[in-house]
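Contents: one structure, followed by commentary.
Numbering (the numbering used here), first residue to last: 168 to 407.
As structure tokens, this is what we get:
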């Protein structure tokens, strides 16, 4: 005789009274604060490195004339179509041989080389800036890095904020890479830690959903903080 499972999860739309004990259970079930800290600092590090390195590449592609510039840009954009799974095995073998597995290094190192989509957005914005800014700074004796850091980057604040938001949110919700490279519990990120709420025979839906709400709070806060930059940056890709 088969068992009967009640699949009608929605008994009422607005339950009352409200219960908050599931949040306490979620915090006791797994070390959520440790996973939260790992996710916050890892996402912040990835965001800063990705934005800065992408801005450097975008600056070179937008302000300097050299042979093959458009070809390099096309190859960078074409890399967006390359599935992550294609490079995952060779990258894992490489990081494993140099002893970087089960650490944050494989999650941080790729962001030192920029990201194709971020390079595209920042380059499009830099292309809209007049060259007179560079020429005036050069007349005053500014070198290339000074022009980049003191003149161009402040003008690109909307584009940098948008790419920063994208980089942070992508890192925050990433579960694939931490699942591959991290094996110690002390290194787990928040999305990876949420897997503990799903057991082989039983799922604590109420506790798991409470943990998901906790995981969503930082992204909601970041969205409201950067909302005006995000709305302004929607049309960046349409710039010349």
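Don't be surprised by glycine CBs; every beta carbon is placed ideally from N, CA and C.
Let me make sure I understand the geometry here. Which of the options has the alpha-carbon closest to that of residue i?
i           : options               : result
residue 297 : 268, 230 and 275      : 230
residue 300 : 284, 318, 310 and 283 : 318
residue 249 : 282, 209 and 313      : 282
residue 293 : 227, 348 and 200      : 227
residue 280 : 246, 382 and 383      : 246
residue 212 : 338, 372 and 392      : 338
residue 393 : 335, 295 and 383      : 335
residue 288 : 375, 361 and 225      : 225
residue 236 : 314, 350 and 290      : 290
residue 199 : 358, 303 and 183      : 358
residue 210 : 183, 324, 195 and 340 : 340
residue 187 : 388, 385 and 380      : 380
residue 284 : 386, 184 and 329      : 329
residue 386 : 351, 333, 395 and 346 : 333
residue 295 : 323, 255, 309 and 257 : 323
Checking 7 Å against the spacing of the C-beta atoms, do residue i and residue j come in under that value?
i           : j           : result
residue 356 : residue 262 : no
residue 268 : residue 348 : yes
residue 214 : residue 331 : yes
residue 207 : residue 363 : no
residue 373 : residue 189 : yes
residue 274 : residue 205 : no
residue 314 : residue 304 : yes
DSSP on residue i, reduced to helix/strand/coil?
i           : result
residue 205 : helix
residue 376 : helix
residue 341 : coil
residue 210 : helix
residue 356 : coil
residue 253 : helix
residue 302 : helix
residue 181 : coil
residue 232 : coil
residue 309 : coil
residue 268 : coil
residue 220 : helix
residue 240 : helix
residue 263 : helix
residue 187 : coil
residue 350 : coil
residue 277 : helix
residue 295 : coil
residue 385 : helix
residue 325 : helix
residue 331 : helix
residue 227 : helix
residue 282 : coil
Using 8 Å for Cβ pairs, my map puts residue i next to residue j. What's the rounded Cβ distance?
i           : j           : result
residue 278 : residue 316 : At roughly 19 Å, the Cβ-Cβ gap does not stay under 8 Å, so residue 278 and residue 316 are not in contact.
residue 217 : residue 377 : About 31 Å separates the two Cβ atoms, so there is no contact after all.
residue 286 : residue 243 : 6 Å
residue 375 : residue 361 : 7 Å
residue 320 : residue 382 : Wrong, their Cβ atoms sit about 32 Å apart, outside the cutoff.
residue 233 : residue 354 : Rounded, the Cβ-Cβ distance is 41 Å, inconsistent with contact.
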